[in-house]
Every structure is written in C-alpha cells, then in structure tokens.
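Engineer: What the sequence shown shows, in our numbering, is residues 535 to 713, in sequence order. Every residue gets a Cβ at the ideal spot worked out from N, C-alpha and C, and that includes glycine.
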Amino acid sequence: GNDTWLEVFNPSEDPIELEEYGIGVYSTDGELEESHFMRGTLEPCETYVVADCQAGGAIAALADQTICLTVEDHQSVALINGDVPLDVIGDPEDQSFVGYTIAGPDGPVALTDRTFIRNNDIDCPETDWTISRTQWKVYPNGYENNIGNHGSICSTQPTVNFSQTSYSCLEDDCGAVQL
535 GNDTWLEVFN PSEDPIELEE YGIGVYSTDG ELEESHFMRG TLEPCETYVV
585 ADCQAGGAIA ALADQTICLT VEDHQSVALI NGDVPLDVIG DPEDQSFVGY
635 TIAGPDGPVA LTDRTFIRNN DIDCPETDWT ISRTQWKVYP NGYENNIGNH
685 GSICSTQPTV NFSQTSYSCL EDDCGAVQL
C-alpha cells in the first residue's frame, strides 16, 4: 500500500554518512531493479525514516525522506551500500516463490499488509533471509506507534561490569579491620 515506510537504525557509537547507503528493490530474477539513496548523517542510536511518496498521516510527518517505492509481495528489499545488499527483507538471490513470510509466534506470517519491526536485541544487519526472517515482530497493517523510535539496545548505552579481586583484611592492635 501507500503507507509503506522503512526505518534505518544506527546502533553504533559513530555517525554514519548516508549518501552511499540506499534502499534497493530486487526484481523476480534477483537483479537490483530500483535503488533510492539516502542523504544526510545518521547519528548514533538514531533512526532515519524513508516513506513512500504517497504516504499520509504520521508516516509522512515523521519521514526523513520520501521516495516513490513500489514493492510487490514477491520482491525483496535491501539496505544497500552502492549495489551490495547489507540487510534484507526477502532473498535477492532466490525469488522462486511468491510471498515472503516471517516466523511468527503461531507459525509463518505473510509480509503483505503487515508492519514488522526488528527485534530490540538485533544490532547487526543480516543478508541471510533464513536468519533474518526470525528477527522481527509482526503488527497489523497501519501500525504507526514506533515510527522514528527504534527500541534497540544501543551500543552507546553505558555498560557496567563488576569484577572481584582478592581482598586482605588486617586487624591492628585495637581490633579494627583495614581494607
């Protein structure tokens, strides 16, 4: 539908210049059919929203960039660097069947007319669809609650580690303990 949107999240500690990154749509024969490159800088732990040019409402209001994007249910979409896929929805190399599915809690769920959001604990791209298809939560079509707010565990969050070293306790003449 027209309310299609994709969100790119930067889980790293460094800003990313987006000019060399884009959204690629692959044809049924596995060829890169369309590519739409992004612009600007994506700061650490921030999102960049790319929406269809005919999207409305909250999607259009929160989009960082709009593109005219038509994706059929038998095509795959990828985050690309130049023409190299970095992260995929579907399999650009094998489009021998119609209709991709995601591993849902009650079995496979079709991608058509659904909103799917990457699980919070995933912080790396995945080009293997057999792995990637298990990394998403599925929501009804039109779900807009998380646009621009990916809840990933970001690597710039402080990490606290505790370690124990050996301690020696000494009693002085008064019975006081010194550490």
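Would DSSP call residue 596 helix, strand or coil?
Structural biologist: One-based indexing of the sequence shown puts residue 596 at position 62. If DSSP states are grouped into helix, strand and coil, residue 596 belongs with the helices.
Engineer: Is the CB-CB distance between residue 605 and residue 682 below 8 Å?
Structural biologist: In the sequence shown, residue 605 corresponds to position 71, counting from 1. In the sequence shown, residue 682 corresponds to position 148, counting from 1. No, the pair does not count as a contact, with Cβ atoms beyond the cut-off.
Engineer: Which residue comes first and which comes last in the beta strand (DSSP E) that contains residue 569?
Structural biologist: Here residue 569 is taken as the residue at index 35 of the sequence shown, counted from 1. First-last of the beta strand (DSSP E) with residue 569: 566-571.
Engineer: In terms of residue numbering, what span does the beta strand (DSSP E) encompassing residue 581 cover?
Structural biologist: Your numbering for residue 581 matches position 47 in the sequence shown. That run of the beta strand (DSSP E) goes 581-586.
Engineer: Just the Cα atoms here: how many angstroms apart are residue 656 and residue 561?
Structural biologist: Along the sequence shown, one-based indexing puts residue 656 at 122. Along the sequence shown, one-based indexing puts residue 561 at 27. Distance between the alpha carbons of residue 656 and residue 561: 27 Å.
Engineer: Which residues mark the beginning and the end of the alpha helix (DSSP H) in which residue 656 is found?
Structural biologist: Residue 656 sits at position 122 when you count from the first residue of the sequence shown. It is not in any alpha helix (DSSP H) - residue 656 carries neither H nor E in the DSSP assignment.
Engineer: Helix, strand or coil: how does DSSP classify residue 665 here?
Structural biologist: Along the sequence shown, read from residue 1 onward, the residue named residue 665 stands at position 131. Here residue 665 sits in helix by DSSP.
Engineer: For a quick check, are the C-beta atoms of residue 666 and residue 622 less than 8 Å apart?
Structural biologist: Numbered from its first residue, the sequence shown carries residue 666 at position 132. Numbered from its first residue, the sequence shown carries residue 622 at position 88. Yes, Cβ-Cβ distance for residue 666 and residue 622 is below 8 Å.
Engineer: From the DSSP output, which residues share a beta bridge with residue 615?
Structural biologist: By 1-based counting over the sequence shown, the position of residue 615 is 81. For residue 615, which the question treats as bridged, DSSP gives the partners 555 and 618.
Engineer: Please classify residue 664 as buried or exposed, where buried requires at least 16 neighbouring CB atoms within 10 angstroms.
Structural biologist: Within the sequence shown, numbered from 1, the residue matching residue 664 stands at position 130. Result: exposed.
Engineer: Short check: CB of residue 614 to CB of residue 555, under 8 Å?
Structural biologist: For the purposes of this step, residue 614 is taken as the residue at position 80 of the sequence shown. For the purposes of this step, residue 555 is taken as the residue at position 21 of the sequence shown. For residue 614 and residue 555, yes; Cβs fall inside 8 Å.
Engineer: Mind checking who residue 623 pairs with in its DSSP beta bridge?
Structural biologist: Along the sequence shown, one-based indexing puts residue 623 at 89. Listed as beta-bridge partners of residue 623 by DSSP are 611.
Engineer: Going by other Cβ atoms of all chains shown within 10 Å of its Cβ, with 16 needed for buried, is residue 589 buried or exposed?
Structural biologist: Translated into positions along the sequence shown, residue 589 becomes position 55. The residue in question, residue 589, is buried, as its Cβ has 16 or more Cβ neighbours within 10 Å.
Engineer: Buried or exposed: where does residue 624 fall if 16 or more other Cβ atoms within 10 Å of its Cβ makes it buried?
Structural biologist: Within the sequence shown, the letter at position 90 stands for residue 624. Sixteen is the threshold: when 16 or more other Cβ atoms of the shown chains lie within 10 Å of the Cβ of residue 624, as they do, the residue is buried.
Engineer: I need the boundaries of the beta strand (DSSP E) containing residue 672, first residue and last residue.
Structural biologist: If you number the sequence shown from 1, residue 672 lands on position 138. Start and end: 670-674.
Engineer: Going by other Cβ atoms of all chains shown within 10 Å of its Cβ, with 16 needed for buried, is residue 597 buried or exposed?
Structural biologist: What you label residue 597 is simply residue 63 of the sequence shown in a count that begins at 1. Its Cβ being crowded by 16 or more others within 10 Å, residue 597 is buried.
Engineer: Near residue 659, what residues of its chain come up, given a Cβ to Cβ distance below 6 Å and the 5 sequence neighbours on each side ignored?
Structural biologist: Position 125 of the sequence shown holds residue 659. Within the same chain, residue 659 has close Cβ partners 620 and 621.
Engineer: With a CB to CB cut of under 6 Å and the five nearest residues on each side skipped, what residues in its chain are close to residue 661?
Structural biologist: As a working mapping, residue 661 is identified with position 127 in the sequence shown. Excluding sequence neighbours, residue 661 sits near 619 and 622.
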